[in-house]
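Data first, discussion second: the structure below is written as structure tokens.
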Amino acid sequence: MKKSTDIDQLISALPTEATCYGYCPACDEVHFLTEGNSRQYALELMAELEQHKRIDFHTPDPEPIFSTDCLWEKRGGQMFGVLECVDADGNTVVLRAFSGQFNTRWQAEGWVPPTFDLDGYYRILSTIKSSVQQMTDAIESCQQKADQCQLQFEEAMRAGGRAAQKDCRRQMRGAFKALELAKNKRRTYSQSMMVVFLDLYQLHNFKGDQRSILNVFYEDRGIPTGSGDCCGPKLLHAAAQNGLTPLGLSEFYFGRENKASTRFHKEFYPGCKNKCQPILGYMLCGL
Ligand SMILES: [Zn+2]
Ligand SMILES: [Zn+2]
118 MKKSTDIDQL ISALPTEATC YGYCPACDEV HFLTEGNSRQ YALELMAELE
168 QHKRIDFHTP DPEPIFSTDC LWEKRGGQMF GVLECVDADG NTVVLRAFSG
218 QFNTRWQAEG WVPPTFDLDG YYRILSTIKS SVQQMTDAIE SCQQKADQCQ
268 LQFEEAMRAG GRAAQKDCRR QMRGAFKALE LAKNKRRTYS QSMMVVFLDL
318 YQLHNFKGDQ RSILNVFYED RGIPTGSGDC CGPKLLHAAA QNGLTPLGLS
368 EFYFGRENKA STRFHKEFYP GCKNKCQPIL GYMLCGL
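If you read the sequence shown in my numbering, its first letter stands for residue 118, the second for the next number, and so on.
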């Protein structure tokens, strides 16, 4: 495993045509893909988005939620990606992806699915929601009790005797302690559930390996939210799962410029540094 400055150096030495890259600790080198012929397919996709103004143009019954109007609203546009692949018989297969969710949906006809196990996600989501609700109710009742004890203590300090004051102080301390414990319990549970969610990302690569994102993401500053949801990882994962060999990848932004003014309509961008690069080396391994 190299130091991050050494990895940055390897990445800066990549050919300028590289669109998708990351350091692979197993091989101790940077694996990468260039755009190959994918740009022409990306331009076709852009033209289709402009023509149909929705992303579910493969289905006869459009759903309003898949209209591209949302990409021009306040929160800005979105990244789209195209992966040119070849199958075992030598046929060209082109995969398409949108980053993250499209307007609250993880899946749409004609697009690769998310990198994580969507069924598993929905299964654990309902259990987690009810557990968190129970813990939130417990926090609220502890809060009420603590407030009540505090009022009683203040009252005792004004009008009560020494014994009553001492008793009220003891009760108030106990109530605040219980409140703190209830809050800690919910916090610990939420953190442990984040790990369970991340474990749903079982990343595939081209050596035939499969590994949880928890064991792939090599930087120790924590896994940023949305890692594995960008177009690059989604497309590579789908290709590996379907026995396709990637040849070229292009990712472009479509819609209103983002708030930070770093993404512009119909411009092409390489895989991002924070979320993608720490997993793409593993995902590209074996190509
Ligand atoms: Zn990314
Ligand atoms: Zn490798």
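Note that beta-carbon positions come from the ideal geometry of N, C-alpha and C, so glycine has one too.
- Message: Taking the beta strand (DSSP E) that Thr244 belongs to, which residues open and close that run?
- Response: Thr244 -> not in any beta strand (DSSP E); alpha helix (DSSP H) instead, spanning 235-276.
- Is it buried or exposed for Leu189, if we count other Cβ within 10 angstroms and need 16 for buried? According to the sequence shown, residue 189 is Trp rather than Leu. Looking at its Cβ environment, which holds fewer than 16 other Cβ atoms inside 10 Å, Trp189 is exposed.
- Query: Tell me the DSSP bridge mates of Pro142?
  - Reply: Pro142 pairs with nothing; no bridge assigned.
- Item | Spatial neighbours of Pro179 in its chain, beta-carbon cut-off 6 Å, leaving aside the 5 residues before and after | Beyond the five residues adjoining it in sequence on each side, Pro179 comes within less than 6 Å, by CB distance, of Arg171, Asp173 in the same chain, given in chain order.
- Are there three or more Cβ pairs, one per stretch, closer than 8 Å when the segment 199-212 is compared with the segment 347-360? yes
- Closest by C-alpha distance to Asp234, when choosing among Met118, Thr244, Glu146, Tyr318: Tyr318
- Query: Nearest to Glu374 by CA position, among Arg192, Val203, Gly207, is which residue?
  - Reply: Arg192
- Measuring alpha carbon to alpha carbon, tell me which of Leu315, Leu361, Asn359, Ala357 ends up nearest Gly237. Leu315
- Go ahead and label Lys390 buried or exposed: buried means 16 or more other beta carbons lie within 10 angstroms of its beta carbon, across all protein chains shown. For Lys390, the number of other beta carbons within 10 angstroms of its own is below 16, and it is reported as exposed.
- Item | Limits of the alpha helix (DSSP H) - the one that His354 falls within | 348-358
- Task: Could you give the DSSP three-state label for Ala214: helix, strand or coil?
- Result: strand
- Neighbourhood of Glu134 by C-beta distance below 8 Å, restricted to the same chain and skipping five residues each side: Thr151, Glu152
- Query: What three-state label does DSSP hand Gly291 in the structure shown?
  - Reply: helix
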